[in-house]
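Student:
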């Protein structure tokens with residue numbers, strides 16, 4: 568599906584619709600350039616999965632994990648360049664029993680688990696974003 | 601004396617601090633040089649680098665000093681990176697039959713203010729601004745803090761780094777913007793200061809505003825306006841931070857974290873207590889300092905201690 572959203576709130580609501588279809592163990596890749604709304608999208612999905620506190624950017628720490636009713640992992644590979652098996656071992660605990668969202672998945676190379684849904688966000692103008700979701704989840 | 605160990609993000613650090621807050625040694629092996637070469641991108645996840653550096657860094661910090669307690673950052677941070685420090689701390693404490701103190705990295709930043717000669721006494725309101733965190737804290741006693749507000753999206757330091765990237769500047773972005781901003785006009789562009797309720801912060805809209813401004817400029821004009829853009833962007837970040845601090849009405853203010861190095865922020869909060877620059881960025885002296893006011897786990901009860909990615 569491909570939708571144009573008119574506000575961060577609309578992007579969050581769209582993400583919540585996707586989240587309703589996800590199960591622990593699922594991985595969602597979230598791509599798009601700086602400011603495209605990746606963290607906004609993940610926030611909307613995390614809220615729908617029961618995360619109540621702030622869902623902020625994990626760029627510096629690389630990973631955040633939220634122990635909600637459905638645990639949520641939020642990874643950001645922006646600062647990572649290519650992953651080898653050893654480094655993958657560092658990230659693997661984030662995926663355990665969680666719905667995992669991965670920003671900048673292209674930096675993860677072949678090591679990321681196959682994505683259940685592939686989300687791509689793009690700029691239309693300052694408020695509008697084009698959101699594409701590829702999955703077999705019937706969205 | 602307390603040995604502190606810190607490996608939660610990019611820095612591998614160890615330090616020895618006395619019970620009354622004198623720094624005996626403070627060793628930081630920074631990966632900033634490595635990052636600069638790759639434009640702020642970590643060529644590998646940090647924990648392997650931590651693993652290579654942890655033993656020599658601890659050895660250099662200890663340098664024959666007798667410590668009676670080991671303190672280590674146990675949360676929050678990248679799990680693999682935290683585990684390198686936690687495992688080293690456990691092994692060292694266990695071998696010497698010493699107590700271990702697990703420390704919250706954010707409490708560590710605040711406790712940088714309790715080191716001598718600053719030795720700041722609560723109560724105060726603390727702005728903690730770094731690459732990974734931006735928070736406003738109410739500090740009533742040295743053993744802890746209460747969170748008044750936090751960033752809802754990007755951290756202030758991250759806003760500096762991503763802004764620097766959009767402007768085609770080097771890494772670390774905060775320093776690059778700070779230097780360039782001195783040659784620019786901070787009123788040239790009116791970047792928005794996010795209006796979010798309460799004492800929380802938001803910087804992602806600002807980043808997007810810069811992106812659109814940069815995108816709309818012809819390349820030759822971008823080069824000519826870069827200093828103005830840096831100055832205006834920095835002004836917006838600093839204004840957002842200062843407005844929140846002022847909204848607390850606090851008479852006593854302190855600033856910690858890497859963004860405390862920013863010259864405009866320092867000038868905008870002239871009465872704030874500031875730790876020396878070397879203690880603003882991640883270090884282990886602050887972790888040992890926090891351990892002076894945190895719960896000790898006696899030998900050998902800490903062997904099952906785990907690292908936690910979240911606070």
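Protein chains in written order, with our numbering: chain A, 568 to 706; chain B, 601 to 911.
We treat Cβ as the ideally placed atom computed from N, Cα and C, and that holds for glycine.
Note that the structure is predicted; figures quoted are calculated from it, not measured.
1) Of all the alpha helix (DSSP H) runs that stay within the bounds of the segment 858 to 908 of chain B, which reach a length of 4 or more residues?
2) If you pair each beta-carbon of the segment 716 to 728 of chain B with each one of the segment 583 to 597 of chain A, do three or more pairs fall below 8 Å?
3) Using a Cβ cut-off of 8 Å (strictly closer), state whether residue 621(A) contacts chain B.
4) Residue 617(B) and residue 888(B): beta carbons closer than 8 Å?
5) According to DSSP, what are the bridge partners of residue 848(B)?
6) When you compare each of 708(B), 856(B), 614(B) and 808(B) to residue 691(A) by their alpha carbons, which one comes out closest?
7) With a threshold of 16 other CB atoms inside 10 Å of the CB of residue 571(A), please say whether the residue is buried or exposed.
8) Please list the partners that residue 759(A) has in chain B, where partner means a Cβ-to-Cβ separation under 9 Å.
9) Check residue 778(B) in the structure and name its three-state DSSP category.
10) Just to make sure I have the definition right: I need the residues of chain B whose C-beta is within less than 9 Å of the C-beta of residue 631(A). Which are they?
11) When DSSP builds the beta bridges, which residues end up paired with residue 689(A)?
12) Should residue 741(B) be labelled buried (16 or more other beta-carbon atoms within 10 Å of its own) or exposed?
13) Indicate whether at least one CB of chain B lies closer than 8 Å to the CB of residue 574(A).
14) Taking only three categories from DSSP, how would you classify residue 645(A)?
15) Measuring alpha carbon to alpha carbon, tell me which residue in 793(B), 682(B), 863(B) and 843(B) is nearest residue 648(B).
16) Could one say the Cβ of residue 592(A) lies closer than 8 Å to chain B's Cβ atoms, at least one of them?
17) Which of helix, strand or coil does DSSP assign to residue 714(B)?
18) Residue 647(B) versus chain A: which residues are under 7 Å apart at the beta carbon?
19) Checking contacts by CB at 8 Å: is residue 687(A) closer than that to chain B?
20) I'd like to check one pair, residue 750(B) with residue 816(B): are the Cβ atoms closer than 8 Å?
21) Considering only C-alpha positions, which residue in the set 670(A), 689(A) and 632(A) is nearest to residue 573(A)?
22) Run through the DSSP bridge pairs and tell me what residue 726(B) is partnered with.
23) Using only CA atoms, which one of 857(B), 791(B) and 610(B) lies nearest to residue 707(B)?
24) Tell me which residue opens and which closes the beta strand (DSSP E) that residue 748(B) is part of.
25) Mind pulling the chain A residues with CB within less than 7 Å of residue 732(B)?
26) Does DSSP classify residue 643(B) as helix, strand or coil?
27) Along chain B, which residues have their Cβ under 9 Å away from the Cβ of residue 606(A)?
28) Could you tell me whether the segment 605 to 612 of chain A touches the segment 660 to 676 of chain A, where touching means 3 or more Cβ pairs closer than 8 Å?
29) How do the segment 697 to 704 of chain A and the segment 623 to 636 of chain A stand: do at least 3 beta-carbon pairs fall below 8 Å, yes or no?
30) Can you find a CB in chain B that lies within less than 8 Å of the CB of residue 636(A)?
31) Starting from residue 657(A), follow the alpha helix (DSSP H) in both directions and report where the run begins and ends.
32) Are any of the Cβ atoms in chain B nearer than 8 Å to that of residue 624(A)?
33) DSSP beta-bridge partners for residue 569(A)?
34) Would you say residue 678(B) and residue 848(B) are within 8 Å of each other, going by their C-beta atoms?
35) Could you tell me the distance, in whole angstroms, from the CA atom of residue 720(B) to the CA atom of residue 842(B)?
Tutor: In short:
1) If only uninterrupted alpha helix (DSSP H) runs of at least 4 residues are considered, those enclosed by the segment 858 to 908 of chain B are 863 to 868, 877 to 880 and 885 to 891.
2) The segment 716 to 728 of chain B, when compared against the segment 583 to 597 of chain A, does not touch it at the 8 Å Cβ threshold.
3) By one-based count along the first chain, residue 621(A) stands at place 54. Taking Cβ atoms only, chain B reaches closer than 8 Å to residue 621(A), which makes this a yes.
4) Residue mapping note: residue 617(B) aligns to position 17 of the second chain, counting from 1. Residue mapping note: residue 888(B) aligns to position 288 of the second chain, counting from 1. If you check the CB distance, residue 617(B) and residue 888(B) come in under 8 Å.
5) To locate residue 848(B), count along the second chain from 1; it is residue 248. None, per the DSSP bridge assignment.
6) Translated into positions along the first chain, residue 691(A) becomes position 124. Nearest C-alpha to residue 691(A) among 708(B), 856(B), 614(B) and 808(B): 808(B).
7) By 1-based counting over the first chain, the position of residue 571(A) is 4. Classification of residue 571(A): exposed, given that the 10 Å Cβ count is below 16.
8) Outside the shown range of chain A, which is 568 to 706, sits residue 759(A), and nothing can be said about it.
9) Residue mapping note: residue 778(B) aligns to position 178 of the second chain, counting from 1. In the structure shown, residue 778(B) sits in a helix (DSSP, three-state: H, G or I).
10) Taking the first residue of the first chain as position 1, residue 631(A) is located at position 64. Residues of chain B passing the Cβ test: 676, 909 and 910.
11) Residue numbering aside, residue 689(A) sits at position 122 when the first chain is read from its first letter. Per DSSP, the beta-bridge partners of residue 689(A) are 697(A).
12) In the second chain, residue 741(B) corresponds to position 141, counting from 1. Residue 741(B) is exposed by the Cβ-count criterion.
13) Numbered from 1 along the first chain, position 7 holds the residue referred to as residue 574(A). Not an interface residue.
14) In the first chain, counting from the first residue as 1, residue 645(A) sits at position 78. The answer is coil: DSSP assigns residue 645(A) none of H, G, I, E or B.
15) As a first step, residue 648(B) is located in the second chain; it is residue number 48 there, counting from the start. It is 682(B) whose Cα lies nearest to the Cα of residue 648(B).
16) Residue 592(A) sits at position 25 when you count from the first residue of the first chain. Chain B contact via Cβ: absent.
17) Your numbering for residue 714(B) matches position 114 in the second chain. Look at residue 714(B) here: in three-state DSSP terms it is helix.
18) As a working note, residue 647(B) is residue 47 in the second chain. Close to residue 647(B), with beta-carbon spacing below 7 Å, are these residues of chain A in chain order: 657.
19) Residue 687(A) sits at position 120 when you count from the first residue of the first chain. Taking Cβ atoms only, chain B never reaches closer than 8 Å to residue 687(A), which makes this a no.
20) In the second chain, residue 816(B) corresponds to position 216, counting from 1. In the second chain, residue 750(B) corresponds to position 150, counting from 1. Taking the C-beta atoms as reference points, residue 750(B) is found no nearer than 8 Å to residue 816(B).
21) Along the first chain, one-based indexing puts residue 573(A) at 6. Of 670(A), 689(A) and 632(A), the smallest CA-CA separation from residue 573(A) is found for 689(A).
22) What you label residue 726(B) is simply residue 126 of the second chain in a count that begins at 1. 737(B) and 854(B), per the DSSP bridge assignment.
23) Here residue 707(B) refers to the residue found at position 107 of the second chain. Comparing Cα positions, the closest option is 857(B).
24) Counting from one through the second chain, the residue named residue 748(B) turns up at place 148. Run containing residue 748(B): 746 to 750, per the beta strand (DSSP E) assignment.
25) Reading the second chain from its first residue, position 132 is the one you call residue 732(B). Among the residues of chain A, those whose CB is under 7 Å from the CB of residue 732(B) are 627 and 628, following chain order.
26) As a position in the second chain, residue 643(B) is number 43, starting the count at 1. For residue 643(B), the predicted structure reports a pLDDT of 49, less than 50, and the residue's modelled location is therefore unreliable. A value from the coordinates is still provided. Three-state DSSP puts residue 643(B) in coil, outside helix and strand.
27) The sequence position of residue 606(A) within the first chain is 39, counting from 1. Correct list: 753, 754 and 804.
28) The segment 605 to 612 of chain A is in contact with the segment 660 to 676 of chain A.
29) Taking 8 Å as the limit for Cβ pairs, the verdict is that the segment 623 to 636 of chain A does not touch the segment 697 to 704 of chain A.
30) Looking up residue 636(A) in the first chain gives position 69. Not flagged as an interface residue toward chain B: residue 636(A), since no C-beta distance is shorter than 8 Å.
31) Counting from one through the first chain, the residue named residue 657(A) turns up at place 90. Counting along the chain, the alpha helix (DSSP H) containing residue 657(A) begins and ends at 652 to 662.
32) Counted from its first residue, the first chain places residue 624(A) at position 57. Yes, its Cβ sits closer than 8 Å to a Cβ of chain B.
33) On the first chain, residue 569(A) is found 2 positions in, with the first residue counted as 1. DSSP, once it has assigned bridges, lists 699(A) as partnering residue 569(A).
34) Locating residue 678(B) in the second chain gives position 78, where the first residue counts as 1. Locating residue 848(B) in the second chain gives position 248, where the first residue counts as 1. Taking 8 Å as the cut-off, the beta carbon of residue 678(B) is found no closer than this to the beta carbon of residue 848(B).
35) Sequence index remark: in the second chain, residue 720(B) carries index 120 (1-based). Sequence index remark: in the second chain, residue 842(B) carries index 242 (1-based). When only Cα atoms are considered, residue 720(B) and residue 842(B) end up about 20 Å apart.
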